[in-house]
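J.: One structure is given below, represented as structure tokens, and several questions about it will come after.
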Amino acid sequence: MKIKDIKAIEILDSRGNPTVRTFLTLDDESVGVASVPSGASTGSHEAVELRDHDQKRYGGAGVLTAVNNVNQQIKTALMNQTADPKTVDETMIKLDGTDNKSGLGANAILSVSQALIRAISVSRKIPLWKFINEYYFSEKPFFPKIMFNVVNGGKHANWNFDIQEFIVIPQYQLPSESIKVGSEIHHSIQKSLKSKKLSVLVGDEGGLSPALSNNEEAFQLIIESASQIGYENAKQYKLAIDGAASEFFKAGKYILKKDNKEISGEELIKYYLEIEKKYLVYSFEDVFQEDDWDNWTKFKSQLNQNNLVVGDDLFCTNTKRMILGFEKKAANATIIKPNQIGTIYETIEAIKLAKKYGWAVAVSHRSGETEDPFIADLAYASSADFLKTGAPCRSDRLSKYNRLIEIENKL
Ligand code: PGA
Ligand code: ZN
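In numbering that gives the first Met the number 0, the protein residues as written are 0 to 410.
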């Protein structure tokens, strides 16, 4: 099977910002379509998302350069080439010629990488997850648990909280059960907020974003709302946070605006250990700045080993950063975001390395998403421990959760 045509266009993501959508056609006329997401609290070690910086269009956020890179350089290099995902990804990595995909743009490259895999699954008339599983993995897939970001803060909600995400993880193996519990908790929080005459507007990832007076009130709100409908913390669901701490780190200090405090890494460790005890927080993602390795290591050594210390901006789905993190004993789990590294081949390499280390794997969306549910298939195909794709609210998030329900029903 060979690649017959590639065409990229500029579309808009869930925040209304431009992003890349690519259509890839095989010589049997099968077409694969892929759309690329975009982060807001991005890590500085991520692959480069190419933006036009033409202030006359979309305030500089246009992606016509990336679109042209697909339609010209990438298309020329791949036309009539064998439709083999790994070889095609390696060809694009070489063509880009940089360490961080700044040559062609990770948004350009990833759109082709993803579209090819989808086109092959269309051609073979098998589900996307099945092709990914057969091509890259040997073991039978199992469903991920779900991380629902039910209360949004930080950059995703204009800083109503310092902590970016307050997450519930229903403890069920079937997606339909997890999604039901996640949605019921989300609605119960909404109801509690209405009764307190607080805002029920949602942030970038569909989670509620009330103006509470501090971070801790968010835990109380979730725990109380869930218990009102019969779900108990650390039983039917577990609590997690994503600090996105690089966003509130300045000149060696962590600035907690809500509490009007500037604290050291040591003090922040104490704070996390306190909330672990008080609210039974199970999983801690990006709780320190992305290069503050010492505090990551210290925190990990002091936390109960059954809890998760999750690197997102810390690793950026980059195996080089993960090797460092393993040596430094900085984490025991990783977020996996294809657009942080730029190809599906390298994304899968990162998943495989995490598994080799015995780390938990959480396949994740970005705060700027599209309706493309690719990551749901990826999470299942790779038997990831978690799929993390926002609140069970808004179609950019639901497209992934609904896709898991589809997969569950076709089994
Ligand atoms: P981002 O946020 O997509 O804005 O980077 C998601 C996350 O930090 O997990
Ligand atoms: Zn994160």
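Quick reminder that beta carbons are idealized off the backbone N, C-alpha and C, glycines included.
Residue 308 CB to nearest chain D CB: under 8 Å?
T.: Among the protein chains of the structure shown there is no chain D, as only one such chain exists.
J.: Indicate, with yes or no, if the ligand PGA has a heavy atom lying under 7 Å from the CB of residue 114.
T.: Within the sequence shown, numbered from 1, the residue matching residue 114 stands at position 115. It does not: the Cβ of residue 114 is nowhere closer than 7 Å to a heavy atom of the ligand PGA.
J.: Which of the three DSSP states is assigned to residue 293 in this structure?
T.: Working through the sequence shown from its first residue, we reach residue 293 at position 294. If DSSP states are grouped into helix, strand and coil, residue 293 belongs with the helices.
J.: Can residue 243 be considered in contact with the ligand ZN, in the sense that its beta carbon sits closer than 7 Å to one or more heavy atoms?
T.: On the sequence shown, residue 243 is found 244 positions in, with the first residue counted as 1. Yes, since a heavy atom of the ligand ZN falls inside the 7 Å radius drawn around the Cβ of residue 243.
J.: Between which two residues does the alpha helix (DSSP H) harbouring residue 176 extend?
T.: To locate residue 176, count along the sequence shown from 1; it is residue 177. Start and end: 174–194.
J.: Please identify the residue among 366, 88 and 36 whose C-alpha is closest to the C-alpha of residue 73.
T.: As a position in the sequence shown, residue 73 is number 74, starting the count at 1. The residue with the shortest Cα to Cα distance from residue 73 is 88.
J.: Is it the case that the Cβ atoms of residue 17 and residue 379 are separated by a distance below 8 Å?
T.: Within the sequence shown, numbered from 1, the residue matching residue 17 stands at position 18. Within the sequence shown, numbered from 1, the residue matching residue 379 stands at position 380. No.
J.: Say the cut is 7 Å; is the CB of residue 334 nearer than that to a heavy atom of the ligand ZN?
T.: Taking the first residue of the sequence shown as position 1, residue 334 is located at position 335. Flag set: Cβ of residue 334 near the ligand ZN.
J.: Tell me, to the nearest whole angstrom, how far the beta carbon of residue 325 is from that of residue 356; I am working on the premise that it is less than 8 Å.
T.: As a first step, residue 325 must be located in the sequence shown, where it is residue number 326. As a first step, residue 356 must be located in the sequence shown, where it is residue number 357. That pair is a contact at about 5 Å.
J.: Checking 8 Å against the spacing of the C-beta atoms, do residue 8 and residue 20 come in under that value?
T.: Indexing the sequence shown from 1 puts residue 8 at position 9. Indexing the sequence shown from 1 puts residue 20 at position 21. Against a cut-off of 8 Å, the Cβ pair of residue 20 and residue 8 comes out as a contact.
J.: Near residue 395, what residues of its chain come up, given a Cβ to Cβ distance below 6 Å and the 5 sequence neighbours on each side ignored?
T.: What you label residue 395 is simply residue 396 of the sequence shown in a count that begins at 1. Hits under 6 Å: 13 and 368.
J.: Tell me the DSSP bridge mates of residue 248?
T.: Within the sequence shown, residue 248 is the residue found at index 249, counting from 1. Answer is 253, bridged to residue 248.
J.: Just the Cα atoms here: how many angstroms apart are residue 46 and residue 345?
T.: Locating residue 46 in the sequence shown gives position 47, where the first residue counts as 1. Locating residue 345 in the sequence shown gives position 346, where the first residue counts as 1. Spanning the two alpha carbons is a distance of roughly 11 Å.
J.: Could you compute how far the alpha carbon of residue 30 sits from the alpha carbon of residue 115?
T.: By one-based count along the sequence shown, residue 30 stands at place 31. By one-based count along the sequence shown, residue 115 stands at place 116. Approximately 8 Å between the Cα atoms of the pair.
J.: What are the uninterrupted segments assigned as beta strand (DSSP E) that are 3 or more residues long and contained completely in the segment 340–376, given in chain order?
T.: 359–363
J.: Tell me which same chain residues have a C-beta within less than 7 Å of the C-beta of residue 140, skipping the five on either side of it?
T.: Your numbering for residue 140 matches position 141 in the sequence shown. Excluding positions up to five away in sequence, the list reads 128, 132, 379, 380 and 382.
J.: Counting pairs of Cβ atoms below 8 Å between the segment 192–203 and the segment 151–168, do you hit three or more?
T.: yes
J.: Would you grab the beta carbon distance between residue 167 and residue 238 for me? Rounded to a whole angstrom, and I think it's under 8 Å.
T.: Locating residue 167 in the sequence shown gives position 168, where the first residue counts as 1. Locating residue 238 in the sequence shown gives position 239, where the first residue counts as 1. With 8 Å as the limit, residue 167 and residue 238 qualify as a contact, their Cβ atoms being about 6 Å apart.
J.: Between which two residues does the alpha helix (DSSP H) harbouring residue 394 extend?
T.: The sequence position of residue 394 within the sequence shown is 395, counting from 1. Segment 394–409, the alpha helix (DSSP H) holding residue 394.
J.: Alpha carbons only, please: which of 308, 405, 252 and 91 is nearest the one belonging to residue 476?
T.: Since the first and last residues shown for the chain are 0 and 410, residue 476 lies out of range.
J.: Starting from the C-beta of residue 398, find all residues in its chain whose C-beta is less than 6 Å away, skip the five residues before and the five after it, and write them out in chain order.
T.: On the sequence shown, position 399 is the one that residue 398 refers to. Leaving aside the five residues that flank residue 398 on each side, the residues in its chain whose CB is nearer than 6 Å to its CB run, in chain order, 370 and 372.
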